[in-house]
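Chemist:
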């Protein structure tokens, strides 16, 4: 018995040695010295206890358990997830392993995954459990929970979160806790985008069904005015939230909504999402205005079933010098090879991004390590390739079907977003917007929004005749657009075509009786023509549905003032100032009507405030001078008369006042 | 081959010393042989891990298949082969994913070796003690992170369909994508 057993143990030991060679050569990489630095830098941000990844990779035991997985997923470059090809541009926070690092992982596994000497182990990175940037200044939550089914395809859902601010704030950073206080929910949320909606459009989309939120992969918000945000608000697991540099915080007005667009992945059990967004404010207002430029060609997306290589392209010639700060390519499940670059006026090529193995799951915004300078005249190009064959396993249709552009995951998109910062001291964003819209009209000649937006940007540059042409073309496409009619009216009014302007406003009001802008513009036009009795009902109508509109209170106050009704005038100016303390016109009007009633002491602080807000108002200087003179403060009165004359040398009244005041001082 | 043969020999020679060495146990620690098929037309072993996102994503599909073929006396076991997974952690996992299937532990990989499975989730089907299928549940996963919106081939279900109908079973294996069993 004994010799027999002895021989078996020898066999056993030999077998174990063959299966699991523990023999470590001197040069074999160890966890402590070689693996840990790689795992800490490239993996741990998600793979830590409580992190967004399904398991931790912080300790030797964690790594040893998954040696084969580590080598497999790094060699296939599934992990760490990093889509941009090397050699096209360097990005901040790049998470791409070098070939040498991947070989090192394999060598460690081949050597039997030795732990190594503890003295070589670097300190493990530390992770906060909750908000990465500390406690936010304001936390907004989804008002309802949303449940993702246990199985099925990925869910793309948008949730509207109103921001309860009472005055304009500037937001320097946004952080998302996808599961709120729940842990591990980051595994469900693949990425999230935030849109800023100042129009209420997303609320209306949300109201279309009873479920929380609404579906769709990339939402666009139609805006009446040219009010670009210029910020990528993007979140993916394992990243520290982006903090905008000084002066680039974005404006958040009362009434602004955030639209949280989330890509959710079923986990095998139903999961409940109750996301929180943390906002970090700064007192430094926005002084640097980037802009998002979109290259796209969704109109060409009509991909026949079975087509293996379907290409779309777009290009945009830059009307001004810009620095490109970041890039965000977007396609759905058929996207394969996504490419963006620029050809400079001297013919040289600047690569912007190349992704040859597009994977929607790992889409991201990429910020450049160094901004990419593109001079005026550079041509920005995009080229996206799609595979609608059965050989594309991600194809949403089996067998393949004709696929066109759309917001659903079974449809396609082809967008290349660039965040650019125009150079130069003047605001060049209108020029860029104009170039974008002209390019859009080349692609889609009968596009309502391109005509409308081009009209709006021309109007902002006071090119009213050209703006009128664009608004008229927009109206040919959508004759009932009350917004286009109103803007048309405004440009006609600016050119002095008052009866045509009045007609345009009236048509807008016919189509949409509660459209405040049309009534407001019409009322002010009527006031300018002294048709006070006709103006007042429009202003009163606006206050029926927008009782807190400071501008309307101000206009209504003016109307009553023109009728000699000082009590009612004061009442509305007071309302306007209360609603909008920094409205210089309302302050001046209130000060004036108070002064007319002999309430000098009440009037003075409003003149002071008005002139602080707008020191260039010659009339206000003159009026305030009169008031100060009446109070016997002749020296100060003279100073204001002098300002009034300086600002408006043709004002004979102010000149006379100044002369009298100076005479009295002597 | 040599190793397994040797171990079997050792067990007979020195019982007590190796009692828990290469055995399949239930969550209370009782030794179980799931391949004894008395009363069952077939036995299905589905290898899973508590923290494998791929096997977790299949939870509903595994439950669906188990329920569908339960009336045909096809018995489905969940096999947890991670030596690091405690009975408590497994209990929690069963509750979280609402599994009402028998769960066994195979910490020393006796079933892993017998079946030849490499990853979780991976299934093995035994009819009258003989393995007729080993491999993926379906072809939804093509590679890590690369999956079809829905499977186009449901391999496990096809096998069980044949078993339940009493058709001749072709022995076959497929390659599964999942978390490596180590």
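Residue numbers (my numbering), protein chains in the order written: chain A, 1 to 666; chain B, 667 to 848.
Glycine is no exception: its CB is placed at the ideal position from the N, C-alpha and C atoms.
For residue 479 of chain A, count neighbouring Cβ atoms within 10 angstroms of its own Cβ and tell me buried if that reaches 16, exposed if not.
Modeler: Flag for residue 479 of chain A reads exposed.
Chemist: Within the 8 angstroms Cβ cut-off, does residue 393 of chain A reach chain B?
Modeler: yes
Chemist: Using three-state DSSP, classify residue 810 of chain B as helix, strand or coil.
Modeler: coil
Chemist: Using the three-state DSSP reduction, which class does residue 572 of chain A fall into: helix, strand or coil?
Modeler: Residue state, collapsed to three classes: helix.
Chemist: For the alpha helix (DSSP H) that residue 417 of chain A lies in, which residues bound it at each end?
Modeler: Segment 415 to 422 is the beta strand (DSSP E) holding residue 417 of chain A; no alpha helix (DSSP H) there.
Chemist: Do three or more CB pairs link the segment 786 to 806 of chain B to the segment 62 to 71 of chain A at distances below 8 angstroms?
Modeler: no
Chemist: Please confirm whether residue 667 of chain A has its beta-carbon closer than 8 angstroms to some beta-carbon of chain B.
Modeler: What is shown of chain A runs 1 to 666, which leaves residue 667 of chain A out entirely.
Chemist: In the structure shown, what three-state DSSP assignment does residue 652 of chain A receive?
Modeler: helix
Chemist: Identify the contact partners of residue 42 of chain A in chain B, using a Cβ-Cβ distance below 9 angstroms as the criterion.
Modeler: Within chain B, no residue comes near residue 42 of chain A; the closest Cβ sits about 16 angstroms away, beyond 9 angstroms.
Chemist: Between residue 23 of chain A and the rest of its own chain, which residues show a CB-CB distance below 6 angstroms, the 5 nearest in sequence each way excluded?
Modeler: Its pLDDT being 44, under 50, residue 23 of chain A is placed unreliably by the model, and the measurement read from it follows with that caveat. So no residue of the chain qualifies.
Chemist: With contact counted as at least three CB pairs below 8 angstroms, one residue from each stretch, are the segment 607 to 617 of chain A and the segment 579 to 591 of chain A in contact?
Modeler: yes
Chemist: Which one or two residues does DSSP pair with residue 384 of chain A in a beta bridge?
Modeler: The partner list for residue 384 of chain A (beta bridge, DSSP) reads A/312 and A/338.
Chemist: For residue 196 of chain A, report the span of its beta strand (DSSP E) as first-last.
Modeler: According to the DSSP assignment, residue 196 of chain A belongs to the beta strand (DSSP E) that extends over 189 to 197.
Chemist: Which whole-angstrom value is the C-beta distance of residue 750 of chain B and residue 55 of chain A, which I expect to be below 8 angstroms?
Modeler: In this structure, residue 750 of chain B and residue 55 of chain A do not form a Cβ contact; the two beta carbons are roughly 11 angstroms apart against a cut-off of 8 angstroms.
Chemist: Hey, is residue 69 of chain A's beta-carbon within less than 8 angstroms of any beta-carbon in chain B?
Modeler: yes
Chemist: DSSP puts residue 271 of chain A in a beta bridge; with which residues?
Modeler: A/148
Chemist: Relative to the C-alpha of residue 330 of chain A, which candidate in A/406, A/319, A/305 and A/239 has its C-alpha closest?
Modeler: A/406
Chemist: How would you label residue 475 of chain A, buried or exposed, when you count the other beta carbons within 10 angstroms and need 16 or more for buried?
Modeler: buried
Chemist: Roughly how many whole angstroms lie between the Cα atoms of residue 472 of chain A and residue 236 of chain A?
Modeler: 43 angstroms
Chemist: Assess, as a yes-or-no matter, whether the segment 437 to 448 of chain A is touched by the segment 360 to 368 of chain A under the definition of 3 or more beta carbon pairs within less than 8 angstroms.
Modeler: The answer is no - the segment 437 to 448 of chain A does not touch the segment 360 to 368 of chain A, with fewer than three Cβ pairs under 8 angstroms.
Chemist: Expressed to the nearest angstrom, what Euclidean distance is found between the alpha-carbon atoms of residue 449 of chain A and residue 636 of chain A?
Modeler: 53 angstroms
Chemist: Nearest to residue 175 of chain A by CA position, among A/513, A/151 and A/275, is which residue?
Modeler: Sorting A/513, A/151 and A/275 by C-alpha distance to the C-alpha of residue 175 of chain A places A/275 at the top.
Chemist: Indicate whether residue 213 of chain A and residue 158 of chain A have their beta-carbon atoms separated by less than 8 angstroms.
Modeler: yes
Chemist: Could you name the residues of chain B that residue 359 of chain A contacts, counting a contact when the two beta carbons are closer than 9 angstroms?
Modeler: 811 and 812
Chemist: Anything in the segment 309 to 321 of chain A with a Cβ closer than 8 angstroms to a Cβ of chain B? List those residues in chain order, please.
Modeler: none
Chemist: Could you check where the alpha helix (DSSP H) with residue 170 of chain A kicks off and where it finishes?
Modeler: Bounds of any alpha helix (DSSP H) do not take in residue 170 of chain A; it lies within the beta strand (DSSP E) bounded by 169 to 177.
Chemist: Can residue 693 of chain B and residue 755 of chain B be called in contact, C-beta distance under 8 angstroms?
Modeler: In this structure, residue 755 of chain B does not lie closer than 8 angstroms to residue 693 of chain B by Cβ.
Chemist: Under three-state DSSP, which class holds residue 263 of chain A?
Modeler: Here residue 263 of chain A sits in strand by DSSP.
Chemist: Going by Cα to Cα distance, which pick from A/379, A/401 and A/381 is closest to residue 389 of chain A?
Modeler: A/401
Chemist: If you follow the alpha helix (DSSP H) that residue 538 of chain A is part of, which residue opens it and which one closes it?
Modeler: 532 to 545
Chemist: Cα-Cα, which of A/285, A/308, A/48 and A/193 is closest to residue 258 of chain A?
Modeler: Looking at the Cα atoms, A/193 is the closest of the given residues.
Chemist: Going by the beta-carbon positions, is the gap between residue 742 of chain B and residue 710 of chain B smaller than 8 angstroms?
Modeler: yes
Chemist: In chain order, what residues of the same chain have a beta carbon less than 8 angstroms from the beta carbon of residue 554 of chain A, not counting five sequence neighbours either side?
Modeler: Cβ within range, chain order: 572, 573, 576, 583, 585, 586 and 589.
Chemist: Could you say which of A/355, A/109 and A/34 lies nearest to residue 122 of chain A if we only look at CA atoms?
Modeler: A/34
Chemist: Is the segment 134 to 148 of chain A close to the segment 92 to 110 of chain A, with three or more CB pairs under 8 angstroms?
Modeler: The segment 134 to 148 of chain A is not in contact with the segment 92 to 110 of chain A.
Chemist: Check whether the segment 74 to 89 of chain A and the segment 805 to 820 of chain B touch, using three or more Cβ-Cβ pairs below 8 angstroms as the test.
Modeler: yes
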